[in-house]
Amino acid sequence: MAKYKSYHYSQTVMLPVSLEDQLMPGTIEFAIHTLVEERMDVTRFDERYRNDETGCKAYNPKVLLKIVLLAYARGINTSRKIERACKENVVFMAMSCGQEPDHSTIAPFVSNLKEEIKPLFRDVLLVCEEMGLLGGTEFSLDGCKLPSNASMRWSGTFSTLKEKKEKIERRVAYLLEEQIEADRRQGKDGSEETRKATHREKLKKQAARIEEFLQENEPKPGKEYKEVRSNVTDNESAMMTTPHGTIQGYNGQALVDAKHQVIVEGEAFGWGQDHHHLEPVVSGAQENMQAIGKEDNYFKDAILTADTAYHSSESIKKCEEEEIDAYIPDKDYRKRHPGLTVKKSSIDSRRRKFTSEDFRYDEGADEYECPSGKKLKLHTRSHKTRWGMVYWSYRADARDCEVCTVREGCISKKGKRGKRKYLMIPVESERRNYSKEMAAKIDTDRGRKLYPHRMRIVEPVFANIRTQKRLDRFTLRGKIKVNIQWLLYCMVHNIEKIANFGPEFAVV
């Protein structure tokens with residue numbers, strides 16, 4: 009008969025553990041420990057506490073900051089799981105020196121970092137600069153849309169939310185009538201009556217919550233003053249379309265240095281479209297570099313690449329003011345690029361619409377001739393648009409357009425232009441056409457060579473944060489708190505770069 013060693017789980021084992029031995033050089037926990045102890049100024053937290061003479065001793069902010077950064081580096085971003093790790097994981101025990109802060113201490117510490125998070129981020133950025141991890145010559149900007157602690161079920165315009173509230177109220181009234189009728193026929197069932205009463209109270213609270221939200225808030229204006237969906241749970245978040253599906257969350261922006269993919273600025277926005285995000289992110293990056301001792305014109309002549317979503321006159325103008333060599337393609341860039349094949353959509357496969365190039369101009373008569381040989385005479389001069397463009401308008405005879413055989417490729421079916429052809433010829437512009445200038449710039453050999461750099465600079469950063477670190481959602485609500493969490497994600501990424509490339513943190 010086989011013989012086995014006996015084992016008993018009821019026995020007690022004493023394990024000698026050296027806390028310092030758990031923080032091995034070359035690991036991210038060693039980098040976090042060293043940076044917080046030696047390079048990050050945590051005296052900023054002292055103003056929070058008023059326990060010099062009375063009150064219980066508080067947890068040292070260094071300990072709390074260490075375990076939060078380590079938890080995020082391990083993909084743990086909820087306070088209860090961090091609390092559990094401090095009790096069960098030997099590395100967390102070493103990082104906290106055996107202390108066990110509970111979730112009610114960890115959660116407020118993170119959500120109240122509004123004043124301290126930016127200086128702490130800059131402390132890490134300064135270490136990256138001192139170790140030569142910043143190149144300062146080429147940058148890339150992009151956003152990572154992550155779901156937040158808000159439900160899409162509570163999203164909608166004010167009219168749809170009002171309809172939802174009325175529907176809930178009708179449901180409550182129906183359940184109440186149903187219960188009264190059931191009691192009349194069968195008598196009372198204590199447990200069933202309690203269950204239904206609880207359900208009705210829950211629905212009443214939901215209706216009251218929506219009513220309170222509608223009274224305390226205003227509709228959110230969107231593009232072209234059209235109302236966008238609000239959210240009862242977190243009204244600063246937004247519904248966004250991502251490659252992973254539609255989410256209710258925030259758009260985390262990151263400006264990344266090309267040399268070692270260090271994030272020089274990060275900010276979370278409750279808006280899915282990126283065309284307004286370049287200006288605040290670049291301004292924030294300027295402030296960060298000045299805070300670590302760099303000159304005001306640190307980004308002068310630096311290359312900046314961003315995708316089509318950032319293409320706007322405001323973004324291009326901001327780059328020009330900062331003397332940044334930006335490359336931001338317009339929506340038709342891929343169509344013009346000779347090396348890219350663009351899949352034709354159902355719209356592209358239809359008959360091509362005529363453009364102004366298809367109309368021949370007669371300078372002597374000051375009129376245009378259409379592809380069918382009909383004349384378009386001058387209708388109005390100096391037709392000004394809201395974008396500052398000035399046009400001359402030429403108009404065809406309505407009788408000619410009615411019998412035209414190529415009318416489908418010429419006249420728009422929308423509005424008044426469906427009756428006859430109006431040809432708008434641009435004459436001048438009161439403002440510079442930044443979009444056109446950028447399109448010409450990115451179509452050059454240099455532009456087509458530099459723009460693809462964006463993929464290898466910024467995309468791996470989001471892959472590391474979202475996939476490798478498993479930091480794929482925000483657990484807080486409100487832009488201020490979510491921005492704190494996003495900067496902590498960015499700090500973890502930068503600290504890992506220090507651990508991997510910083511000579512002071514490598515294995516000896």
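The opening residue of the sequence shown carries number 9 in the numbering used here; numbering runs sequentially from there.
Note that beta-carbon positions come from the ideal geometry of N, C-alpha and C, so glycine has one too.
Counted as a single uninterrupted DSSP element, the alpha helix (DSSP H) harbouring LEU78 occupies residues 69-81. Per the coordinates, the alpha-carbon of CYS64 lies some 47 Å from the alpha-carbon of HIS252.
The Cβ atoms of CYS378 and LYS326 lie no closer than 8 Å to each other. Contact check between the region 38-57 and the region 444-454: fewer than three CB pairs, one atom from each, fall below 8 Å, which does not count as touching.
For the pair ILE503 and CYS152, the CB atoms are not nearer than the 8 Å cut-off. In this model, GLU186 and SER167 are separated by some 29 Å (Cα to Cα). For VAL264, the enclosing beta strand (DSSP E) starts and ends at 253-265. For TYR399, the closest of LEU149, HIS387 and LEU495 by C-alpha to C-alpha distance is HIS387. Spatial neighbours of ILE84 in its own chain (CB-CB distance under 7 Å, excluding positions within 5 residues in sequence) are listed in chain order as ILE90 and ALA93. The region 94-103 makes no contact with the region 128-136; the number of CB pairs closer than 8 Å stays below 3. Contact annotation: GLN269 and ILE465 have beta-carbon atoms nearer than 8 Å. Distances from the CA of GLY106 to each of LEU72, ARG82 and LEU128 were compared; the closest alpha carbon is that of LEU72. DSSP, read as helix, strand or coil, puts VAL411 in coil. ARG440 is not a Cβ neighbour of ALA299, given a cutoff of 8 Å.
Taking all protein chains shown into account, MET463 has fewer than 16 neighbouring C-beta atoms within 10 Å of its C-beta and is therefore exposed. The Cβ-Cβ distance between ALA314 and ILE336 falls below 8 Å.
By alpha-carbon distance to LYS427, the top candidate from ASP405, LYS444 and VAL414 is ASP405.
Judged by beta-carbon spacing, SER238 lies within the 8 Å limit of LEU169, meaning their Cβ atoms are closer than that value. Closest by C-alpha distance to PHE277, out of ARG368, ILE492, GLU410 and ASP408, is ILE492. For ARG368, no alpha helix (DSSP H) segment is defined; the enclosing uninterrupted segment is the beta strand (DSSP E) at 368-370.
Contact check for GLY260 against GLY274 passes: the beta carbons are separated by less than 8 Å.
If you check the CB distance, GLY257 and LEU154 come in under 8 Å.
Ranked by Cα distance from HIS41, the first of ALA246, GLU322, LEU77 and LYS487 is LEU77.
If you ignore the 5 residues before and after ARG179, its C-beta comes within less than 7 Å of the C-beta of LEU211, all in its own chain and listed in chain order. Given a length threshold of 4 residues, each whole run of the alpha helix (DSSP H) inside the region 103-181 is given here in chain order: 111-119 and 125-138.
When C-alpha distances from VAL500 are compared across THR35, LEU23 and SER26, the shortest belongs to THR35. A straight line joining the alpha-carbon of SER323 with that of GLY230 spans about 19 Å. In the structure shown, PHE38 falls within a helical segment according to DSSP collapsed to helix, strand and coil. With 16 or more other CB atoms across the displayed protein chains lying within 10 angstroms of its CB, LEU484 is buried. DSSP places ILE503 in the uninterrupted alpha helix (DSSP H) bounded by 487-509. Straight-line spacing of the CA atoms in GLU201 and GLU209 works out to 12 Å.
With a 10 Å radius around the Cβ and a threshold of 16 neighbouring Cβ atoms, LYS505 comes out buried.
Of the residues assessed, SER26 falls on the exposed side of the cut-off, its CB having fewer than 16 other CB atoms within 10 angstroms. Of the residues assessed, ILE125 falls on the buried side of the cut-off, its CB having 16 or more other CB atoms within 10 angstroms. With contacts defined as CB atoms closer than 8 Å, HIS285 and TYR306 fail to qualify as a contacting pair. TYR442 carries a helical assignment under DSSP once its states are collapsed to helix, strand and coil.
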